[in-house]
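Student: One structure coming up, written as structure tokens, with questions to follow.
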Amino acid sequence: MNYKDKIYDRYVSLQTSNILKIQTFAEFEKQFPVWDKYFGDILTCKDAAIVDVACGNGDLVHWLNTRGYKNVVGIDISEEQVSVAQGLGLGNVSRADFREYLKEKIDYFDAVFALDILEHFPKAEMLEAVDLFFRSLKKGGLLIIKMPNGDSPFFGRYAFGDFTHETIMTDRSFKEVFSFIGFREYQFKEAGPIPHGVFSFVRYCLWQLSRLVVNVYLLAETGRRGNVLTQNIIAIAKK
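Numbering-wise, our numbering puts 232 at position 128 of the sequence shown, and it's gapless, one number per residue.
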């Protein structure tokens, strides 16, 4: 067992519990307005076959369940994380290594969520993972990724906030990977504040002001518009 396996097996006690002290549906649901904005318009068919790879404590699986998706599974390699999810009654979460699990699911899923996972792999292994996600998708299926964004002025906060992180990406490097693997279409989103209350609205306004300043700087230096500047980037690719 290498150092990563040892850390992943105790991920709740080593990492997650510092971020989310109480593992309850009520705590999960505080994130729902954000996911509604990020992902709510991506999947229209409630019967879509969906897998959440590295689902952790099952928070996104719970969101998908409550939004009416009927064919959702979550898998994670961490025994602690899966125990949390199953302890909350999420029967569609199980322990599995996605590399073994997806080998048996070729052309099977309508959507693969891979949030906060690919940064844990060196580049060669990341490329293999994206290729496996591609093969597990039906034609027209979607891969949804979230990971640290190298274009953010403060990318290091997430990129180096976990000892097991290896790789960061930008929209440009994602385009290279997606084109190489064979995805037909792709788009990128910022993972920024979403207004759903007074405090989040203030954060949203401050963020818009901050990104304007950075965009003006980048426009002056490079002439490039449409920058993704949040500390995490959301990448969506269509097979």
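Even glycine gets a Cβ: it sits at the ideal position worked out from N, Cα and C.
In terms of alpha-carbon separation, which member of Glu232, Gln312, Gly265, Ile298 lies closest to Val281?
Tutor: The residue given as residue 281 occupies position 177 in the sequence shown. With distances taken between Cα atoms, Val281 lies closest to Glu232.
Student: With a CB to CB cut of under 7 Å and the five nearest residues on each side skipped, what residues in its chain are close to Ala152?
Tutor: The sequence position of residue 152 within the sequence shown is 48, counting from 1. Cβ within range, chain order: Tyr173, Asn175, Asp214, Ala215.
Student: Please name the residue or residues paired with Lys250 in a DSSP beta bridge.
Tutor: In the sequence shown, residue 250 corresponds to position 146, counting from 1. Lys250 is bridged to Leu219, Ile338.
Student: Apart from the five residues on each side of it in sequence, which residues of its chain come closer than 7 Å, Cβ to Cβ, to Gln291?
Tutor: Counting from one through the sequence shown, the residue named residue 291 turns up at place 187. Contacts found: Ile340.
Student: In chain order, which continuous runs of the alpha helix (DSSP H) of length 4 or greater are located wholly inside the region 126-153?
Tutor: DSSP runs (the alpha helix (DSSP H)) wholly in the region 126-153: 129-132, 136-143.
Student: How many Å lie between His166 and Ala200 at the Cα?
Tutor: The residue labelled residue 166 in the question sits at position 62 within the sequence shown. The residue labelled residue 200 in the question sits at position 96 within the sequence shown. His166 and Ala200: Cα-Cα distance of roughly 18 Å.
Student: Under 8 Å Cβ to Cβ from Ser240, same chain only, skipping five residues before and after it: list those, please.
Tutor: Taking the first residue of the sequence shown as 1, we reach residue 240 at position 136. Cβ neighbours of Ser240 beyond the five flanking positions: Val155, Leu206, Lys209, Ile210, Asp211, Tyr212, Phe213, Val216.
Student: At which residues does the alpha helix (DSSP H) containing Asn169 begin and terminate?
Tutor: For the purposes of this step, residue 169 is taken as the residue at position 65 of the sequence shown. Start and end: 163-170.
Student: With DSSP run on the structure shown, which of helix, strand or coil describes Lys209?
Tutor: Translated into positions along the sequence shown, residue 209 becomes position 105. Coil, per DSSP.
Student: Round the Cβ separation of Phe287 and Lys343 to the nearest angstrom and send it over; I've been treating them as touching at under 8 Å.
Tutor: Residue mapping note: residue 287 aligns to position 183 of the sequence shown, counting from 1. Residue mapping note: residue 343 aligns to position 239 of the sequence shown, counting from 1. 6 Å between Cβ atoms; contact.
Student: So what does DSSP say about Gly301, is it helix, strand or coil?
Tutor: To locate residue 301, count along the sequence shown from 1; it is residue 197. If DSSP states are grouped into helix, strand and coil, Gly301 belongs with coil.
Student: Entirely within the region 257-299 and at least 4 residues each: give me those alpha helix (DSSP H) ranges in chain order.
Tutor: Counting whole runs of 4 or more residues, the region 257-299 contains the alpha helix (DSSP H) stretches 260-263, 275-285.
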